[in-house]
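In terms of this note's numbering, the sequence shown opens at residue 87 and continues consecutively. Positions of the beta carbon are idealized from the N, C-alpha and C atoms, including for glycine. Computed from a predicted structure; not experimentally measured.
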Amino acid sequence: MRNPSAIVVVLLLAGGASAQAPDEPAFEVASVKPGSPQNHFISFGNYPGGRISVTLFTLKMLIQEALDVQYFQVTGGPHWIEVDRFDIEAKPPASSPASHANPPYTKTPPNAEQRRMLATLLAERFHLQYHRETREGPVYLLTKGGKPLQLQPPKDPKAWPWAGSIAGGMPGGDGLAGINIGMPELAGRLSDALGRPVLDRTGLEGSYDFRLPLPSQDTYPDLVSSIMASVQGLGLKLEASKGPVETIVIDRAEKPTGNE
């Protein structure tokens, strides 16, 4: 029985590839193959000319990229969408704006048209059907704290925006570092680590550098408490709250047969 607090907002992709509107953008050439054991790294590369190269992504991860949502926002579907890995090479047509894209880094997120092309690809090759729901759920509010802000202007305003642990991965137990990152983007990184939406309520504009090591992982026994401590050390605060959470509900997905 569906959660009575859930509100169905809109039904998308009602029938695989046939549900695509005629004007939906699509890649001109696309290869979808089972993940190669020769690939050792999970990656999503964005290259000049709008070409994307994906290695060892699950369908759930591909849905995240196509719809610009986070892992915890995708639910439903068969078990394999979180297990089976795929490699994708795709190139947009020369007539599309995406073909003129020149991302400064291969890790640059796909632009809006590339995301729509990827959504078309998932509908065609994986026969993906889904709908969006807005459900009330737990969220965090990122606000200013009571301490002075430990945020500095970026040393390189053209640097790739990033935030994570001191060691360089996702925010974790050793502290928090950031390079040329704004508060909405920081909220997004924290959302991914905490497994629930983090909404930026700081009112701070622009981007910042910061670095705040934690003294000892033993002092903060779990991920949430260590992130809370790191955020407070920056002069910010995370407040638990309730709010609307957009959810992608998978209604149908099929494994592609060969390189369709």
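- Straight-line measurement puts the Cα of L285 at about 20 Å from the Cα of I265.
- Between the C-alpha atoms of P283 and Y226 there is a straight-line separation of about 6 Å.
- In terms of Cβ geometry, N125 and D170 do not form a close pair [threshold 8 Å].
- Within the stretch 175-253, the complete beta strand (DSSP E) runs of at least 3 residues fall at 215-230, 248-250.
- If you draw a straight line from the Cα of M269 to the Cα of T343, it is about 42 Å long.
- According to DSSP, residue pairing for A263 in a beta bridge involves G250, R297.
- Note on K233: under 16 other CB atoms within 10 angstroms of its CB, so exposed under the neighbour-count rule.
- Beta-bridge partners of E332 (DSSP): T220.
- Under the three-pair Cβ rule at 8 Å, the stretch 312-331 counts as touching the stretch 228-242.
- The stretch 175-186 and the stretch 132-149 touch, with three or more beta-carbon pairs separated by less than 8 Å.
- Inclusion of D260 and A253 in the CB contact set at 8 Å is warranted, their separation being smaller than that value.
- Across the structure, R297 and K341 are spaced so that their CA atoms are roughly 43 Å apart.
- Rounded to the nearest angstrom, the gap between the Cα atoms of D242 and Y294 is 10 Å.
- When the Cα atoms are used, F143 and H213 turn out to be separated by approximately 17 Å.
- The shortest CA-to-CA distance from V115 to any of L204, L300, A198 is the one to L204.
- According to the DSSP assignment, P120 belongs to the beta strand (DSSP E) that extends over 115-120.
- In the DSSP annotation of this structure, G162 is not part of any alpha helix (DSSP H); the continuous beta strand (DSSP E) holding it starts and ends at 160-162.
- With 16 or more neighbouring CB atoms inside 10 Å of its own CB, Q150 falls in the buried class.
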